[in-house]
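Heads up: the protein sequence lines correspond to chains A and B, in order. No gaps in the numbering here: position 36 of the first sequence is 36 in my numbering, and each next residue is one more. No gaps in the numbering here: position 19 of the second sequence is 1019 in my numbering, and each next residue is one more. Beta carbons are placed, not taken as given, at the ideal position from N, Cα and C, and that holds for glycine.
There are 2 protein chains.
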Amino acid sequence: MPPQTRRRSPRRTDALTRERIVEAAVELLDATGAVGLTFRTLTDHLATGPGAIYWHVANKGELLEAATDAVVGAALGVDTSAESPPRERIRAVALALFDAIDEHPWVAAQLSAGSWQAAAPRIFESIGRQVRALGVPRGEWFTVASVLVQYILGAAAQNAANAQVLGPGVDRADALGAMAATWEELDPEDWPFTRTVAGQMAEHDDREQFLAGIDLALAGVDALHPPSDGR
Amino acid sequence: MPPQTRRRSPRRTDALTRERIVEAAVELLDATGAVGLTFRTLTDHLATGPGAIYWHVANKGELLEAATDAVVGAALGVDTSAESPPRERIRAVALALFDAIDEHPWVAAQLSAGSWQAAAPRIFESIGRQVRALGVPRGEWFTVASVLVQYILGAAAQNAANAQVLGPGVDRADALGAMAATWEELDPEDWPFTRTVAGQMAEHDDREQFLAGIDLALAGVDALHPPSDGR
DNA sequence: GACACGACTGGAACGTCGATCCAAAGTGGT
DNA sequence: ACCACTTTGGATCGACGTTCCAGTCGTGTC
């Protein structure tokens, strides 16, 4: 058999870069969710082969990390309202992260897994500065900032998970109503609390409740560390 | 070619049940992490084939859901200290969940993903009863309970993620010290806060900090909803 | 202007995964 | 002794992440 030179499609003229790959990955993740990003769909989308992608990116984990970092960076970047009181800036940063994760639900699972390492310091710094400005005593800076970041990421992750199990086609109010109806039919003996708050769950607004949690935490900070004692 | 009857290993005498499968799945998940549970390792562990497992379980997602439910149920089941003040019982439930997720880190990723649906009502009910006992006004029951559950699961998930990226062989104090050293060398211009609290991070205790977060949230509840106004 | 060399590309192939299929083996009723 | 139903596990499938490598382009050198 002759050495059979392989037929090849013409080489691309526009260079493939790491940024373009990450950008395409974010697009695919947004469009089809975490399971929608495969090297097959990615090579189709970029009209290339796996080898080209592996030249710029070590593996899929690194690609997901870079995609997560891009989204988190963009969300934290809009925080340019330099002259607001620290409470307002904490709320603003928290809401920006919440909205970013709501818009890119795959980020939540990623932050819970590995890429925490890359994005966490940026979030931590952003929140921490405001914690310091709140007048929290030095010894509590790390604890208070950690608690806030944990709540923000935890609440955003669960909100994203809730939205994702519903699927994109389902109306949120309908699904909430159906779940509330299920809760109302629980045995009052075993589920006295859940049954009672079914109605409140059906009517709640996710963003409002998230902000209520931030306010609750900030009220706790005020109560445990009054602005006078550490300034 | 003759019809070739297939050689088969003798059929098992002890019946395979859904519980035994879930139990084996939890063992494998604990021993080798989330990536360690495959239908190959599971069939080897149970000395069977995939068909036998699929007879009792619809798919891998359902298996993970059942495993998560088993762990969460066991953690909530020990909450039998009926006669403590509500604050103490909230702390006890929160710590039980924190420890369970610390011991079974794969539960965190699972709760952030889909099985939230199955385990959440149990957690919600357990926390919610104590929220009611705290004297929170009716209209705030759902919000306060949600915030607490979101913080508990979020903090536990991030703690588990941190422990998992380290790997089982690495000493926690060493890894924390190394990360702290990295943080101390950050540019003070860009990372004033993170750099300053590097030392605090190196010395912090995960469980203590988690409880500090619970106390912060409970202080916030007291401040925003004093026990007098809703009792 | 030829030539070589390194950067970059993409098609083919590999091993493993979740899942399905189905012949065989057990079980219980008549 | 027979049959219908339940349960099992080996073979197999398509899709995934990843690796391999023949090939192509751009650029510097003489």
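- By the 16-neighbour rule on beta-carbons within 10 angstroms, G1154/B is buried.
- Taken in chain order, the whole alpha helix (DSSP H) runs of length 4 or more contained in the segment 5 to 86 of chain A are 18 to 32, 39 to 46, 50 to 56, 60 to 77.
- Between the alpha carbons of R132/A and R138/A lies a distance of about 8 Å.
- Residues of the segment 112 to 124 of chain A whose Cβ lies closer than 7 Å to any Cβ of chain B, in chain order: S112, A113, G114, W116, Q117, P121, F124.
- Using a C-beta cut-off of 8 Å, the segment 1114 to 1127 of chain B makes contact with the segment 147 to 167 of chain A, since at least three inter-stretch Cβ pairs fall below that distance.
- If you check each beta-carbon in the segment 1195 to 1215 of chain B against every beta-carbon of chain A, the ones closer than 8 Å belong to T1196, V1197, Q1200, M1201, H1204, Q1209, A1212, G1213, D1215.
- Annotated three-state conformation of E185/A is coil, per DSSP.
- The criterion of a C-beta distance shorter than 7 Å is not satisfied by L76/A and A1219/B.
- Apart from the 5 residues on each side of it in sequence, P1086/B sits with its Cβ closer than 6 Å to the Cβ of Q1130, A1133, L1134 in its chain, given in chain order.
- Proximity of chain A to S1146/B at the Cβ level (cut-off 7 Å) is accounted for by Q209, in chain order.
- DSSP places R1129/B in the uninterrupted alpha helix (DSSP H) bounded by 1116 to 1133.
- The beta carbons of E208/A and A198/A sit no closer together than 7 Å.
- The Cβ neighbour count for E125/A, taken over all protein chains shown within 10 Å, is at least 16; the residue is labelled buried.
- In this structure, V1221/B lies away from V1149/B, with their beta-carbon atoms at least 7 Å apart.
- Assignment of D1190/B by DSSP, reduced to helix, strand and coil, places it in the coil class.
- Taken atom to atom, the span from the alpha-carbon of I1101/B to that of D14/A is near 48 Å.
- Segment contact: the segment 1013 to 1027 of chain B against the segment 1035 to 1052 of chain B, three or more CB-CB distances shorter than 8 Å; contact assigned.
- Put simply, the backbone Cα of L37/A is about 48 Å away from that of P226/A.
- Straight across, the Cα-Cα distance linking D1190/B with E1062/B is about 46 Å.
- Around L1097/B, the same chain offers V1072, A1075, L1076, I1123, I1152, L1153, A1156 as residues with beta carbons nearer than 8 Å, after the five sequence neighbours per side are excluded.
- Neighbourhood of R1132/B in chain A, by CB distance below 7 Å: F193, in chain order.
- Close partners of Y1151/B in chain A (Cβ separation under 9 Å): V147, Q150, Y151, G154, A155, G213, A217.
- Secondary structure at G169/A: coil, using DSSP grouped into helix, strand and coil.
- Along the segment 38 to 54 of chain A, there is no position whose C-beta sits under 9 Å from a C-beta of chain B.
- V144/A carries a helical assignment under DSSP once its states are collapsed to helix, strand and coil.
- Going by DSSP, G1139/B is part of no alpha helix (DSSP H) at all; its letter is neither H nor E.
- Proximity to E27/A across L111/A, T194/A, H104/A peaks at H104/A, based on C-alpha coordinates.
- DSSP places A212/A in the uninterrupted alpha helix (DSSP H) bounded by 206 to 224.
- In terms of Cβ geometry, A1175/B and L1186/B do not form a close pair [threshold 7 Å].
- Between the alpha carbons of S1146/B and T1041/B lies a gap of roughly 38 Å.
- Under a criterion of Cβ atoms nearer than 7 Å, no residue of chain A is adjacent to W1106/B; the nearest Cβ is some 11 Å distant.
- Straight-line measurement puts the Cα of T1068/B at about 7 Å from the Cα of Q1110/B.
- At a C-beta separation below 8 Å, L1224/B has these neighbours in chain A: D215, L216, A219.
- For the segment 1073 to 1104 of chain B, the beta-carbon criterion of a distance under 7 Å to any beta-carbon of chain A is satisfied by none of its residues.
- V1057/B counts as buried, since at least 16 other C-beta atoms from the protein chains shown sit within 10 angstroms of its C-beta.
- Taking all protein chains shown into account, S1084/B has fewer than 16 neighbouring C-beta atoms within 10 Å of its C-beta and is therefore exposed.
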